[in-house]
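To start, the structure itself, in C-alpha cells.
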Amino acid sequence: MSADTLPESRTSARRKRWFLEVGWKYIFAVFILFYAVFPLIYIVSASLNPHGSLAASNSLFTVFSLDNFKALGETSYWTWYANTLIIGGSAAIGTVLMGACAAYAFSRFRFSGRRVGLTTLLIVQMFPQALAFVAIFLMLLAIGEVFPVLGLNSKLSLICVYLGGALGVNTFLMYGFFNTIPIEIDESAKIDGASHAQIFWRLIMPLVTPILAVVALLAFISSFGDYIVSKIILVSEDNWTLAVGMYQWVSNQLTSRWGLFAAGALLAAVPVLVLFLTLQRYIVGGLTAGSVKG
Amino acid sequence: MSEAHEEKTTTGYSRRGWNGWGFLVKLLIMAVVNAVGLMGILSAFNAGSWVILGFAVVLLAAADYVYFSRRALPLKYLLPGLAFMLMFQVFIFGYTGYIAFTNYGAGHVGSQQLAVNAALQQGERRVENSPTVPLSVVQKGDELGFAIVQDGEVLVGTADEPLEVVGTSADGKAPTEVDGWEVIGRRDLLSSQDLQTQVVNLRVPISDDATDGSIRTRDGSTGSIYQSSMEWDPDAQTITDTENGIVYRATDQGTFTADDGTSLTTGWIVNVGFDNFMRLFTDPTIVSPLAMVALWTVVWAILSVLVPFGIGLLMAFVYNDERIRGRRILRTLFILPYAFPAFMSALLYRGMFNAEFGVINELFFGGANIDWLGNPWLARLAVLFVNVWLTYPYYFLVCTGALQSLPASTLEAAALDGANRYRQMTSIILPLVLVATAPLLISSFAFSFNNFTVIFMFNDGGPAIPGAPYALGATDILISAIWDISGVNRGVADYGLASALSVIVFVIVGAISAIAFRQTKKLEEFA
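Here the protein sequences line up with chains A and B, keeping their order. Position one of the first sequence corresponds to residue 1 (UniProt numbering), numbered consecutively onward. Position one of the second sequence corresponds to residue 1 (UniProt numbering), numbered consecutively onward.
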C-alpha cells in the first residue's frame, strides 16, 4: 500500500512524528550552521571589499573586487607566507622523522630503560614549551653569541625549538599505530637478510604513511598557529611568519588594513582547511589520542 | 664480533646483507655532523662559552658512539629526537628554574665585569689636552670601525675589537686604504645623516682594559682619546667618580650603590633566592591584579572546556541519527571553525567585536555602540564566545566518535530489559561517553590554561586593570601575564620575576597533569 492511499489523518500523524524525531534537527542545523559559518562568510566578503576598512566591510557582498588580493603583493605578505611554509614544512618533516624513529624503537626493540623512557616522554610532553619562552629567548641570546646561525632572528633556531617538542605526544600517536603492524613482517624480512635500517625505511615506513601524514599536518598546524615563540625569536620583519606579521597588521591599524588581513587570512587558511578536511578521518583518531588544537 | 654474540642480540640485525649504500650515506651524514660539531666546539671555545662547549662535546661524543657502535641499536633511532628534546625542552625548564632565582632583567644582564665596563664607558670624557690623531672611518659588512695613524703605524678597531696594528703609514695622514676594510669617503659620510650618527656614537676601545679609554671622533677625520672619570677598584669592589668623589659600592643586589642610595644604571646578575617568589605573593601592587588573573585563568580554563563540550555533546547526540540526509556535508560544515587556523579566527573576531566599526554591533545590535573589548566583563564574555566557536567542533567530533563506538550489545540488552530512552541515556550512554572523553577533558583543561594565542590575539589580555603594573588586563591568563611581566615584547624586562611565575604555573600544570596521568592510565597500554 502506498502512502497516497492512506487516510489523511495518518499521513499527517506520520509527518508530525517525522518532524518531532528528525525534522527539527534540520532547523536546529540551520542555526548551528549560521553560528559556525557566519564569520567565515564575513571574512570572504571583507576580502572582496576594495575599501579595505573595517567599517566598509559590514555591508556583506555589495562589492566584488580582487584589489585586496593584489595589494598583498605590495606588502611583505608573501615573504611571511614563504617563511611560514619553510618553517612549518621543516618542522613537520623533522617531527615526522624523529617521531617515527622513536616510535619504531619503542615498538620493535626491547631494551632496558624502555618503560622509563616512555614514561619520561609522557611527563615531559605535559609541560608546554611556550611557558618557558623567557628561557628560550635568553638561551638563544647566549647561543647566538657563539653561533649566530642558531641565535635570535634565525629561522633555523625556531625550527630547532619546534623540533624540541617533536617526540612528546607524536611518539605515542605513532607508537600505537606501529604496534598495529604485525611484527611477523619484520621477522620474515630479517630472515631474508634485511638490516634493521632496511626494514625501517623500506617496509615499515610505507605501511605507516597515514599516521605520518597526520603527524606532519598536526605539526605544521601547530607551528602555523604559534605566536609566542616565533615572535620572540624572529626579530626582523623579513623573517616573520604569518602569525607575527598579520597580528601586526590588525593590532596596529585595525581599520585600514582590514581588507588586506581578510584576503591574507583566506589565502593562508584555504590550504590548511583543504588538508584538514581531507585527512579529517585520521586526524579525529589522532586528536582523540590526546592532542588538542594549538 | 663472535657468532655467539650475534645470536644474543635479540633485536638481531644481520651483517650478512649490509646495505653498502646505506653505510655510505651514514658515513657521509656523520662526517657532516662531526664537521659541524667540531666547528661549534671551536667557536664555543673561542667565545669562552663553557656551558655550550660542554653540551657540544657531549652531544658529538654521544652521536659518534651511538652511530659507530653496534651496541646502542635503539639509541640510533632515539638520539636525534632526544637531543632536541633535552636541549629545547628539558634544559629550558631547568634554565627557567635558574632564572627564577636571579635578578636577570633590565639593568642586570651580564657579569659584574660587564657592569663595570658599562659604568666606565658611561663616565667617559675627553682627556684634556690629549692629542688628536688622523682618522678614517672604515667598514666591513655592517660593522663600522676606525682606522687611525699613530707613530707611523696604522691601527684598526671596532666597537667590539680593540685597536690593532694592521700596517705602517709613511706620510702620517689619515689612511685611504686599509687591507680587508672598505674606507668610507668623506663625501659618503657627509651625505648620510644616519651614518654620521653612528660614527659619532662609535667608540673604539684602545685595549682590552676598559680603563685605558677609547677613541672617538666628532668630525670623522680626527680622533681623540676619551677616558672614564670613573675608577674601578677590584679589591675594594668600588667604583669612584673622580669628578665629584662619590663612591659606588657593589651590593648583594647586583648594583653599584652610593651612600646616598643612588645606583649606577647597569648592574649584574646575582642570585636573589626566593625574592622573586616573595614579590609575587607579597608586593601589594602585584598581588591583587595577579590574584584576579589567576582566578580568571581557572574560570576561563573550566568554562573553555565545559561550554564547548556541552554544545559538542548535544550536537553529537542530535546528529548521530541515520535518518538525517546529508549528514556528512553537515558534519563538514559544522567543523569548519576548527579547521580555520586559531590565531586568524581570534584576529578576525577582534575586528568583528570592534565597538565602533565591528560587524557584530552593526548587524546584530542595530548599530549600538557596545564596548565589547573595553569593558572587562564583556571582554571576558566575548573571548569565551570566540573560544567556544573555535573548540566546539573538536568536542563534537570526539563525542560523535565515542557515541559510534558504544557497544551495540549493551544498548540492545538495555532495550530488551525495558529501559526507556531516557533511562538508556542517563544510565548507559552518558556514563560511557563521559568515561571515554574524561581524559581528553582534563588535557583540554591543561591546554586552555595556557592558551596564549587566543587571549593575546583577541584583545592583548585587555582591557587593562586600573593601576596594575606590567599592563595586566582583565582577560589576561597566567601565561599572558608572564608575557607582560617578562618584558620581552615591550616595557622593562624582568626575566627573573617572569620565570618565577612560569615556575609556579609549571607546578600547577604538573598537578593537573598528575591527575590526568592517573586518569588516562596510558602507562598500562605499553606492557
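Backbone N, C-alpha and C fix where the C-beta goes; we use that ideal spot for every residue, glycine too. Every value quoted in this text rests on a predicted model; they were computed, and no experiment measured them.
- Query: Any idea if Gly105(B) is buried or exposed, counting beta-carbon neighbours within 10 angstroms, 16 or more meaning buried?
  - Reply: The residue labelled residue 105(B) in the question sits at position 105 within the second sequence. Classification of Gly105(B): buried, given that the 10 Å Cβ count is 16 or more.
- Query: Which full runs of the beta strand (DSSP E) of 3+ residues lie inside the segment 165–243 of chain A, going along the chain?
  - Reply: none
- Task: Tell me, to the nearest whole angstrom, how far the beta carbon of Phe106(A) is from that of Thr171(A); I am working on the premise that it is less than 8 Å.
- Result: Residue numbering aside, residue 106(A) sits at position 106 when the first sequence is read from its first letter. Residue numbering aside, residue 171(A) sits at position 171 when the first sequence is read from its first letter. Here Phe106(A) really is in contact with Thr171(A); their C-beta atoms are around 7 Å apart, less than 8 Å.
- Item | Proximity to Val116(B) [Cα-Cα], best of Thr238(B), Thr453(B) and Asp460(B) | As a position in the second sequence, residue 116(B) is number 116, starting the count at 1. Ranking the options by Cα distance to Val116(B), first place goes to Thr238(B).
- Task: Pair every Cβ in the segment 313–320 of chain B with every Cβ in the segment 396–404 of chain B, then say whether three or more of these pairs are closer than 8 Å.
- Result: With a cut-off of 8 Å, the segment 396–404 of chain B and the segment 313–320 of chain B count as touching, because enough Cβ pairs lie within range.
- Query: Considering Trp232(B), what are the terminal residues of the alpha helix (DSSP H) in which it resides?
  - Reply: Working through the second sequence from its first residue, we reach residue 232(B) at position 232. Unbroken run through Trp232(B) is the beta strand (DSSP E), Met230 to Asp233; no alpha helix (DSSP H).
- Query: Quick one: what's Pro50(A) bridged to in DSSP?
  - Reply: Position 50 of the first sequence, counted from the first residue, corresponds to residue 50(A). Answer is none; Pro50(A) lacks a bridge partner.
- Query: Is the beta carbon of Ser130(B) sitting closer than 9 Å to the one on Val134(A)?
  - Reply: Here residue 130(B) refers to the residue found at position 130 of the second sequence. Here residue 134(A) refers to the residue found at position 134 of the first sequence. Remark: C-beta atoms of Ser130(B) and Val134(A) do not approach each other more closely than 9 Å.
- What three-state label does DSSP hand Asp241(B) in the structure shown? Here residue 241(B) refers to the residue found at position 241 of the second sequence. The answer is strand: DSSP assigns Asp241(B) an E or B state.
- Could you check the C-alpha separation between Leu60(A) and Met292(B) for me, to the nearest Å? Translated into the one-based positions of the first sequence, residue 60(A) becomes position 60. Translated into the one-based positions of the second sequence, residue 292(B) becomes position 292. If I take the Cα positions, the gap works out to 39 Å.
- Message: Using the three-state DSSP reduction, which class does Arg16(B) fall into: helix, strand or coil?
- Response: Translated into positions along the second sequence, residue 16(B) becomes position 16. Note on Arg16(B): pLDDT 44, under 50, position unreliable in the model; the coordinate value appears next. The answer is coil: DSSP assigns Arg16(B) none of H, G, I, E or B.
- Message: Strictly below 8 Å CB to CB, what residues from chain B border Glu145(A)?
- Response: By 1-based counting over the first sequence, the position of residue 145(A) is 145. Under a criterion of Cβ atoms nearer than 8 Å, the residues of chain B adjacent to Glu145(A) are, in order, Ala47 and Ser49.
- Query: Taking Cβ positions only, does Pro469(B) come closer than 9 Å to chain A?
  - Reply: One-based indexing of the second sequence puts residue 469(B) at position 469. Judged by the 9 Å Cβ criterion, Pro469(B) is not in contact with chain A.
- Using a Cβ-Cβ distance under 9 Å, would Asn450(B) count as near chain A? Numbered from its first residue, the second sequence carries residue 450(B) at position 450. Interface residue, yes.
- Message: Tell me the residue span of the alpha helix (DSSP H) that contains Phe343(B).
- Response: Here residue 343(B) corresponds to residue number 343 of the second sequence, with the count starting at 1. Phe343(B) -> alpha helix (DSSP H) spans Ala342 to Met352.
- Where does Ala339(B) land, buried or exposed, given buried means 16+ other C-beta within 10 angstroms? Taking the second sequence and counting its residues from 1, the one referred to as residue 339(B) is at position 339. Here Ala339(B) is buried. Its C-beta has 16 or more other C-beta atoms within 10 Å.
- Message: When you compare the CB of Gly40(B) with every CB in chain A, is at least one pair closer than 9 Å?
- Response: Locating residue 40(B) in the second sequence gives position 40, counting from the first residue. Among the residues facing chain A, Gly40(B) is included, as its CB has a counterpart in that chain under 9 Å away.
- Consult DSSP for residue 528(B) and reduce its assignment to one of helix, strand or coil. The question about residue 528(B) has no answer, for chain B in this structure spans 1 to 527.
- Query: Apart from the five residues on each side of it in sequence, which residues of its chain come closer than 8 Å, Cβ to Cβ, to Tyr282(A)?
  - Reply: The residue you call residue 282(A) lines up with position 282 of the first sequence. Pro210, Ile211, Ala213 and Val214.
- Message: Please state whether the Cβ-Cβ distance between Ser230(A) and Thr241(A) is less than 9 Å.
- Response: Against the first sequence, residue 230(A) aligns to sequence position 230. Against the first sequence, residue 241(A) aligns to sequence position 241. Yes, these two residues count as a Cβ contact at 9 Å.
- Can you grab the Cα-Cα spacing for the pair Pro308(B) / Thr391(B), in whole Å? As a working note, residue 308(B) is residue 308 in the second sequence. As a working note, residue 391(B) is residue 391 in the second sequence. Approximately 6 Å, taken between the alpha carbons.
- Message: On a Cα-Cα basis, can you pick out the residue from Ala216(A), Phe178(A), Ser112(A) and Ser90(A) that is closest to Val161(A)?
- Response: Your numbering for residue 161(A) matches position 161 in the first sequence. The closest CA to that of Val161(A), considering only Ala216(A), Phe178(A), Ser112(A) and Ser90(A), is found on Ser90(A).
- Message: I'd like to know whether the C-beta of Asp238(A) is nearer than 9 Å to at least one C-beta of chain B.
- Response: Position 238 of the first sequence, counted from the start, is the residue given in the question as residue 238(A). No - not a single Cβ of chain B is within 9 Å of the one on Asp238(A).
- Query: When burial is assigned at 16 or more other CB atoms within 10 Å of the CB, is Tyr65(B) buried or exposed?
  - Reply: As a first step, residue 65(B) is located in the second sequence; it is residue number 65 there, counting from the start. With fewer than 16 Cβ atoms within 10 Å of its Cβ, Tyr65(B) is classed as exposed.
- Query: Three-state secondary structure (DSSP) at Gly88(A)?
  - Reply: One-based indexing of the first sequence puts residue 88(A) at position 88. When DSSP states are grouped into helix, strand and coil, Gly88(A) belongs to the helix group.
- Query: Along the chain, which unbroken stretches of the alpha helix (DSSP H) at least 4 residues long are found entirely within the segment 150–219 of chain B?
  - Reply: List check, alpha helix (DSSP H) in window: 186–191 and 193–201.
- Task: Could you name the residues that DSSP lists as bridge partners for Thr132(B)?
- Result: Here residue 132(B) is taken as the residue at index 132 of the second sequence, counted from 1. Per DSSP, the beta bridge partners of Thr132(B) are Ser224(B).
- Message: Using a Cβ-Cβ distance cut-off of 9 Å, determine whether Ala294(B) contacts chain A.
- Response: Position 294 of the second sequence, counted from the first residue, corresponds to residue 294(B). No, its Cβ sits nowhere closer than 9 Å to a Cβ of chain A.
- Item | Contact with chain B by Glu74(A), beta-carbon distance below 9 Å | Along the first sequence, read from residue 1 onward, the residue named residue 74(A) stands at position 74. No Cβ of chain B is located within less than 9 Å of the beta carbon of Glu74(A).
- Buried or exposed: which applies to Trp258(A), given that a residue is buried once 16 or more other Cβ atoms fall within 10 Å of its Cβ? Residue 258(A) sits at position 258 when you count from the first residue of the first sequence. Here Trp258(A) is buried: its Cβ has 16 or more other Cβ atoms, across all protein chains shown, within 10 Å.
- Message: Closer than 8 Å between beta carbons: that is the criterion. Which residues of the segment 131–145 of chain A meet it against chain B?
- Response: Residues passing the 8 Å Cβ filter: Leu131, Ala132, Phe133, Val134, Ala135, Ile136, Phe137, Leu138, Met139, Ala142, Ile143 and Glu145.
- Message: Under DSSP, the beta strand (DSSP E) around Phe256(B) begins and ends at which residues?
- Response: Taking the second sequence and counting its residues from 1, one reaches residue 256(B) at position 256. Note, Phe256(B): beta strand (DSSP E), Phe256 to Ala258.
- Should Ser12(A) be flagged as near chain B, meaning a C-beta pair shorter than 9 Å? Taking the first residue of the first sequence as position 1, residue 12(A) is located at position 12. Residue-level contact by beta carbon fails for Ser12(A) and chain B, as no gap is shorter than 9 Å.
- Message: Can you check which of these residues, Glu21(A), Glu187(A), Val146(A) and Phe31(A), is closest to residue 581(B) by C-alpha distance?
- Response: Residue 581(B) cannot be examined here, being either before or after the span of chain B that is shown, 1 to 527.
- Query: Could you check where the alpha helix (DSSP H) with Arg325(B) kicks off and where it finishes?
  - Reply: For the purposes of this step, residue 325(B) is identified with residue 325 of the second sequence, where counting begins at 1. Looking at the DSSP string, Arg325(B) is not in any alpha helix (DSSP H), and its letter there is neither H nor E.
- Message: Would you call the segment 478–492 of chain B in contact with the segment 109–119 of chain A, where contact means no fewer than 3 C-beta pairs closer than 8 Å?
- Response: Because the criterion of three Cβ pairs below 8 Å is not met, the segment 478–492 of chain B and the segment 109–119 of chain A do not touch.
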